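Notes follow once the structure below has been shown.
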Amino acid sequence: GRIWLDDQRMLLVHAKALGMLRRDMIELLGLDVARGFMTRMGYYAGVADAQLARKVRPKTSIHDMFVVGPQMHCLEGIGVSEAVRIECDVERGIHYGEFIWTSPVEDEEHIRHFSIGTEPACWMQIGYASGFSSEFMGRQVLYREVECQSMGHPVCRIIGKLVEEWGPEAAEDLRYMMPETLQLGVPPNVVRPACSIGQPGAEQIPTDMPVGMSPSFNSVMHLVRRVAPTQATVLFLGESGVGKEVFSRTLHRLSARADKPFVAVNCAAIPEQLIESELFGVERGAYTGALQSRLGRFERADGGTLFLDEIGTLSASAQGKLLRALQEGEIERLGDSQTRKVDVRVIAATNVDLRDEVKAGRFREDLFFRLNVFPVRITPLRERREDIPLLMTHFLSKFNARHGRHLTGFTQRAVDAMLSYDWPGNIREMENVIERGVILAPEGGAIDAPHLFTSGERFTEQRFTINKDGKLVAMDPSVFVTELTQDREVERVSRRVSNLLLDDHDDCDKVSLDEIETLLLKRAIERAQGNVAAAARLLGITRPQMVYRLKSRGIINEGE
């Protein structure tokens, strides 16, 4: 049998079985590890329910969509949730939530096994609230339990705010959402927004560290931490833009070579005739114009790490020399017969299938096996959408600081668009899109979808809406793109009209009455959901007048 909630398969589990699992995890793994597991499980469930809420209530207010979370909590048997105070404004970057929980299943089971204690025990529920709210805001929200029945209080009380509003005290709770908190000399990445957005010093924390909380992200970080202390060669696999170099730098920081050089080389960016001299160096007189000896990247990285990106593009000759360097730790400069020893750890990356390249004869099989000691596959962003809100927060903070802007966040429509878009360019594309939004959005305001998607991006992910019969139906992706195009037209015409009315001759482009009237007609029809009579009333004209104007401008056909 299967239990379905919309298109998500659910599982009906005995509360006592969950309690036994918690008990065993605490006794075998310790309180902190067990709490981390349960918190992350709740976080992922919250993200999934937030996505469902967007589908079933797409045209309602943010408040009405948001209360789906507490309702789902009750439906799923977790406990009864009562809202004390909810302030949620996506555009202004405001989130404050206070709830009271009664009869939470986690507390009942925790008390049954461990009695009353000194620490809150609603770990899964706190993770759920944080994940649900973060997905809605497009920024990281953290809920903390300030009262708990497991501590002897009559009810459980939770408070949620944006991470940066909690300040340093958020670090203790946030570490339970990371499988292994990174010890890199700075707080975990998710704590980074503690810097006031756009304030001086906000970019002093390194911005080239991985950001995420999804299961696939945590899986990659687990592998990175396992292999970092060793000397093994690592091969990162994944599409362009997924962050292979960022993970490579993190691996270097976690290794014993952290205080030694990290040298990155994009093999595809170097002409084939120069790649060998770039990697292995060149001796004076090796070729015309070689007036002095020059170190290659291997020698520059001696004692440290060499990152070879797009390694599948190496020439056959360079592949042979690389194989020797990996096997023997020796290189020869171009034009030199002397062998030089180097102590370099190689991290390679590729966005192509090297096995296919080997079969096609374009890549040496022995080199492939030498590189494939410890492969790490990084999933594309479209397969780990749980990370999108964290990345949005990270890049907003980064570019606010870089460009001296003070944007409050993202509009609800922008959040919907970011979560719906497939991101073919992955994180690199998202970074560029958000930087564009930071530049285009009005100072002190919020980034809207038209500020982000201005280069013909195509939305292939199905979005959902309610039809006239009240049924949930898939929306044509082109509809959303049309909405963005219309909004850009509104913004353009509005700016011209404002300049004209304000007598701003320095910035007054031509604007025609016909252009303004056409735009008003289109917006009225849109506001009236296609009802011509209602649209006419909005404009203070009769229905026949409205029909005449619509037909004369080709907005509707003659026969309609």
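Throughout the sequence shown, residue numbering follows my numbering, covering 1385 to 1944 in sequence. Beta carbons are placed, not taken as given, at the ideal position from N, Cα and C, and that holds for glycine. Keep in mind it's a predicted model, so treat the numbers as computed, not measured.
(1) For the putative contact between residue 1922 and residue 1911, defined by C-beta atoms under 8 Å, what is the C-beta separation to the nearest angstrom?
(2) Take the Cβ of residue 1851 as the centre, count every other Cβ of all protein chains shown within 10 Å, and call the residue buried at 16 or more, exposed below.
(3) Locate the beta strand (DSSP E) running through residue 1481, then write down its first and last residues.
(4) In angstroms, rounded to a whole number, what distance separates the CA positions of residue 1400 and residue 1496?
(5) Are the segment 1494-1508 and the segment 1528-1539 in contact at 8 Å, needing three or more beta carbon pairs?
(6) Count the C-beta pairs between the segment 1637-1645 and the segment 1606-1622 that are closer than 8 Å, then say yes if the count reaches three, no if not.
(7) Report, in whole angstroms, the separation of the C-beta atoms of residue 1667 and residue 1717, which I expect to be a contact under 8 Å.
(8) Just reading off the alpha helix (DSSP H) that residue 1824 is part of, what are its end residues?
(9) In terms of residue numbering, what span does the alpha helix (DSSP H) encompassing residue 1425 cover?
(10) List the DSSP bridge partners of residue 1693.
(11) Taking only the alpha-carbon atoms, compute the straight-line gap between residue 1491 and residue 1421 and give it to the nearest angstrom.
(12) The alpha helix (DSSP H) with residue 1781 in it runs from where to where?
(13) Which whole-angstrom value is the C-beta distance of residue 1691 and residue 1629, which I expect to be below 8 Å?
(14) Could you compute how far the alpha carbon of residue 1777 sits from the alpha carbon of residue 1764?
(15) With three or more beta-carbon pairs closer than 8 Å as the criterion, would you say the segment 1744-1762 touches the segment 1429-1443?
(16) Residue range of the beta strand (DSSP E) that residue 1760 falls in?
(17) Looking at the structure shown, is residue 1794 part of a helix, part of a strand, or coil, going by DSSP?
(18) Examine the Cβ distances between the segment 1730-1746 and the segment 1675-1695 and report whether three or more of them are shorter than 8 Å.
(19) Could you tell me the boundaries of the beta strand (DSSP E) in which residue 1467 lies?
(20) Hey, how far is the Cα of residue 1935 from the Cα of residue 1927?
(21) Quick check: the Cα distance between residue 1682 and residue 1752, rounded to an integer number of angstroms?
(22) Excluding the 5 residues flanking residue 1598 on each side, which residues of the same chain have their C-beta closer than 6 Å to its C-beta?
(23) I need the straight-line Cα distance from residue 1841 to residue 1919, nearest angstrom please.
(24) For the beta strand (DSSP E) that residue 1388 lies in, which residues bound it at each end?
(25) From this set, 1528, 1821, 1818 and 1476, which residue's C-alpha is nearest residue 1484's C-alpha?
(26) Do the segment 1540-1548 and the segment 1514-1523 meet, that is, are 3 or more Cβ pairs less than 8 Å apart?
(27) Does residue 1823 pass the burial test, meaning 16 or more other C-beta atoms within 10 Å, or should it be called exposed?
(28) Pull up the CB-CB distance for residue 1798 and residue 1836, whole angstroms please, since I reckon it's below 8 Å.
(29) If you check the beta carbons only, do residue 1522 and residue 1810 fall under 9 Å apart?
(30) Over the uninterrupted beta strand (DSSP E) stretch that includes residue 1916, give me the two end residues.
(31) Give the single residue among 1742, 1617, 1916 and 1510 whose Cα lies nearest to the Cα of residue 1489.
(32) Tell me where the alpha helix (DSSP H) around residue 1659 begins and ends.
(33) Under 9 Å between the Cβ atoms of residue 1794 and residue 1832?
(34) From which residue to which residue does the alpha helix (DSSP H) around residue 1612 run?
(35) Kindly list the residues whose CB is nearer than 7 Å to the CB of residue 1821, restricted to its own chain and excluding five residues on each side of it in sequence; keep chain order.
(36) Of the choices 1701, 1648, 1456 and 1687, whose alpha-carbon is the least far from that of residue 1656?
Taking the definition as stated:
(1) Right, their Cβ atoms sit about 6 Å apart.
(2) Unreliable placement is indicated for residue 1851, whose pLDDT of 45 sits below 50; the coordinate value is still reported in the next sentence. Its Cβ having fewer than 16 others within 10 Å, residue 1851 is exposed.
(3) 1478-1486
(4) 10 Å
(5) yes
(6) yes
(7) 5 Å
(8) 1810-1824
(9) 1415-1440
(10) 1650
(11) A straight-line Cα-Cα distance of about 16 Å links residue 1491 and residue 1421.
(12) 1772-1787
(13) 6 Å
(14) 19 Å
(15) No, they do not touch.
(16) 1758-1761
(17) strand
(18) yes
(19) 1464-1473
(20) 12 Å
(21) 19 Å
(22) Excluding residues within five positions, the ones whose Cβ falls inside 6 Å are 1768, 1770 and 1771.
(23) Answer to the nearest angstrom: the Cα atoms are 31 Å apart.
(24) 1387-1389
(25) 1528
(26) yes
(27) exposed
(28) 6 Å
(29) no
(30) Premise fails: residue 1916 lies in the alpha helix (DSSP H), 1916-1923, not in any beta strand (DSSP E).
(31) 1510
(32) 1659-1664
(33) yes
(34) Segment: none, residue 1612 is in no alpha helix (DSSP H) and carries neither H nor E.
(35) 1831, 1835 and 1836
(36) 1701
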